[in-house]
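Okay, so here's the structure we're looking at.
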Amino acid sequence: MDQGVIENLKRLYRKQLLRHLLLSEDQSVQSVLDFYRKMTLKDCCYMIADSWSSIKQFTLRNSWNNILDHRQLNATPGLSDAGEEMEELLEALKAVSLSGECENADVEIRLACDSDDPGFQILDDDEVVESILNVEDEMDEDLDEDDLIDYVERTYVTGRRGRPPIFPPEVWNVYRATLNDQHRTNNAVEGWHNKFQKLMVVHHPSIWKFIEVLKDEQEDNEQVITQILGGHRQIRPSVPRRYLLSQMRIVEVVRNYATYKANSQMDVYLKAIACHLKYNPPEQDDEEHQDYNRST
Numbered sequence: 001m002d003q004g005v006i007e008n009l010k011r012l013y014r015k016q017l018l019r020h021l022l023l024s025e026d027q028s029v030q031s032v033l034d035f036y037r038k039m040t041l042k043d044c045c046y047m048i049a050d051s052w053s054s055i056k057q058f059t060l061r062n063s064w065n066n067i068l069d070h071r072q073l074n075a076t077p078g079l080s081d082a083g084e085e086m087e088e089l090l091e092a093l094k095a096v097s098l099s100g101e102c103e104n105a106d107v108e109i110r111l112a113c114d115s116d117d118p119g120f121q122i123l124d125d126d127e128v129v130e131s132i133l134n135v136e137d138e139m140d141e142d143l144d145e146d147d148l149i150d151y152v153e154r155t156y157v158t159g160r161r162g163r164p165p166i167f168p169p170e171v172w173n174v175y176r177a178t179l180n181d182q183h184r185t186n187n188a189v190e191g192w193h194n195k196f197q198k199l200m201v202v203h204h205p206s207i208w209k210f211i212e213v214l215k216d217e218q219e220d221n222e223q224v225i226t227q228i229l230g231g232h233r234q235i236r237p238s239v240p241r242r243y244l245l246s247q248m249r250i251v252e253v254v255r256n257y258a259t260y261k262a263n264s265q266m267d268v269y270l271k272a273i274a275c276h277l278k279y280n281p282p283e284q285d286d287e288e289h290q291d292y293n294r295s296t
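Last residue of the sequence shown: number 296 in the UniProt record's numbering, and the count goes up by one each step with no gaps.
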């Protein structure tokens with residue numbers, strides 16, 4: 001099953017988020033900040049459920065094209081929907097006072113905001129268990145999140161009595177990968193697959209079409225290699241600079257983990273990580289680091 005359904009779900013969710021923002025927005029920066037501060041996990045779950053219900057049948061059918069050879073299924077409707085989706089999001093963003101000058105390029109960035117998401121699993125295995133247990137103690141008794149906490153504990157942290165969790169922390173935790181500057185997700189591979197599929201144009205190409213596109217891709221790679229060997233520095237990086245900068249800041253916070261823990265500031269530590277998990281870093285950040293690529 002390909003990632004089309006997941007990508008479609010994410011886009012629909014972002015549309016839901018914008019709609020809710022429009023309902024609460026009163027032409028001020030503070031109202032937007034208050035909107036995000038007041039959002040709860042329950043609100044997000046409801047929006048995800050609504051987004052899933054909005055996924056069209058042909059999107060679900062086409063998602064099995066990699067397994068079932070349904071040649072009669074045509075991906076063309078999906079392409080037209082992408083264009084309509086772009087226009088809808090553009091109109092919604094323009095209605096928000098802070099985004100009145102948005103263009104199509106901004107919408108594309110918004111839709112692909114997590115394509116290079118550096119991930120957020122940054123605690124080691126023992127600290128994950130400790131943090132989850134601490135969160136449970138801090139939860140408001142009046143909130144309805146007990147079931148969610150129990151599920152996370154059973155499935156990802158401690159498991160049940162006599163039974164280990166289905167996905168223990170050592171399976172999904174990437175704390176060491178963060179410190180070692182290693183890949184924590186397969187986003188790079190998925191990004192290449194997405195690019196290659198766009199170059200291919202069709203879902204069921206012939207072997208000759210596949211070889212032709214593969215040769216073109218290799219030719220592009222060899223040109224980049226030649227440019228690097230020739231000392232060229234104006235080469236477009238494989239990962240946008242804003243994501244590289246966010247990743248650098250996350251690594252810096254993780255390296256100071258011992259200090260946060262010694263000062264009993266785990267909540268501050270997690271908030272510091274969350275501050276850099278953003279899709280559109282402030283413009284001043286880019287200005288401060290505009291020579292980053294050249295210096296590296």
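For each residue, glycine too, the CB sits at the ideal point set by N, CA and C. Keep in mind it's a predicted model, so treat the numbers as computed, not measured.
Assign residue i to one of three DSSP states: helix, strand, or coil.
{"i": "arginine 160", "result": "strand"}
{"i": "histidine 20", "result": "helix"}
{"i": "threonine 226", "result": "helix"}
{"i": "threonine 59", "result": "helix"}
{"i": "serine 206", "result": "coil"}
{"i": "residue 361", "result": "Examination of residue 361 is not possible in this model, given that the chain is present from 1 through 296 alone."}
{"i": "serine 80", "result": "Low local confidence applies: a pLDDT of 44 at serine 80 is under 50, so the model's placement there is unreliable, and no value is given."}
{"i": "glutamine 182", "result": "coil"}
{"i": "asparagine 221", "result": "helix"}
{"i": "residue 300", "result": "Absent from the model: residue 300. The displayed extent of the chain is 1 to 296, so no value can be given."}
{"i": "glutamine 290", "result": "Residue placement at glutamine 290 is poorly supported in this model, since its pLDDT is 44, which falls under 50; the coordinates still yield a value, given next. Note: glutamine 290 maps to coil in three-state DSSP."}
Starting from residue i, trace the alpha helix (DSSP H) both ways and give me its first and last residue.
{"i": "glycine 231", "result": "That residue, glycine 231, is in no alpha helix (DSSP H); it is neither H nor E in DSSP."}
{"i": "serine 51", "result": "41-53"}
{"i": "isoleucine 166", "result": "Here isoleucine 166 belongs to no alpha helix (DSSP H), and DSSP marks it neither H nor E."}
{"i": "histidine 193", "result": "187-200"}
{"i": "aspartate 267", "result": "266-275"}
{"i": "arginine 154", "result": "Arginine 154 -> no alpha helix (DSSP H), and no H or E assigned at all."}
{"i": "arginine 176", "result": "175-179"}
Please name the residue, chosen from the options, that lies closest to residue i on a Cα-to-Cα basis.
{"i": "lysine 42", "options": "Gln30, Ile149, Leu60", "result": "Ile149"}
{"i": "leucine 179", "options": "Ile250, Tyr260, Gln30, Leu21", "result": "Ile250"}
{"i": "phenylalanine 58", "options": "Leu33, Asn8, Asp50", "result": "Asn8"}
{"i": "lysine 15", "options": "Arg160, Ser54, Gly231, Leu33", "result": "Ser54"}
{"i": "arginine 255", "options": "Ile273, Leu245, Asp267, Ser264", "result": "Ile273"}
{"i": "asparagine 62", "options": "Lys38, Val202, Gln227", "result": "Val202"}
{"i": "lysine 38", "options": "Leu17, Trp52, Lys56", "result": "Leu17"}
Let me confirm a value: residue i is counted as buried when at least 16 other C-beta atoms fall within 10 Å, else exposed. Which label applies?
{"i": "isoleucine 6", "result": "exposed"}
{"i": "arginine 176", "result": "exposed"}
{"i": "leucine 12", "result": "buried"}
{"i": "asparagine 221", "result": "exposed"}
{"i": "valine 189", "result": "exposed"}
{"i": "valine 171", "result": "exposed"}
{"i": "asparagine 263", "result": "exposed"}
{"i": "tyrosine 36", "result": "exposed"}
{"i": "tyrosine 156", "result": "buried"}
By how many angstroms is the C-alpha of residue j removed from the C-alpha of residue i?
{"i": "aspartate 181", "j": "tyrosine 243", "result": "14 Å"}
{"i": "glutamate 153", "j": "leucine 214", "result": "45 Å"}
{"i": "glutamate 186", "j": "histidine 193", "result": "In the sequence on display, residue 186 carries asparagine and not glutamate. Going by the C-alpha atoms only, they are around 11 Å apart."}
{"i": "glutamine 284", "j": "histidine 20", "result": "With a pLDDT of only 43 at glutamine 284, under 50, the local geometry of the prediction cannot be trusted, and no value is derived from it."}
{"i": "arginine 241", "j": "threonine 40", "result": "31 Å"}
{"i": "leucine 60", "j": "glutamate 212", "result": "30 Å"}
{"i": "proline 169", "j": "histidine 232", "result": "43 Å"}
{"i": "histidine 276", "j": "glutamine 247", "result": "8 Å"}
{"i": "lysine 10", "j": "cysteine 45", "result": "13 Å"}
{"i": "residue 314", "j": "tyrosine 257", "result": "The structure shown does not extend to residue 314, since the chain is modelled only from 1 through 296, so no value can be given for it."}
{"i": "valine 224", "j": "histidine 204", "result": "29 Å"}
{"i": "arginine 161", "j": "glutamine 197", "result": "46 Å"}
{"i": "lysine 209", "j": "aspartate 50", "result": "39 Å"}
{"i": "leucine 33", "j": "glutamine 265", "result": "24 Å"}
{"i": "isoleucine 207", "j": "glutamate 219", "result": "18 Å"}
{"i": "arginine 163", "j": "glutamate 217", "result": "48 Å"}
{"i": "valine 253", "j": "tyrosine 260", "result": "9 Å"}
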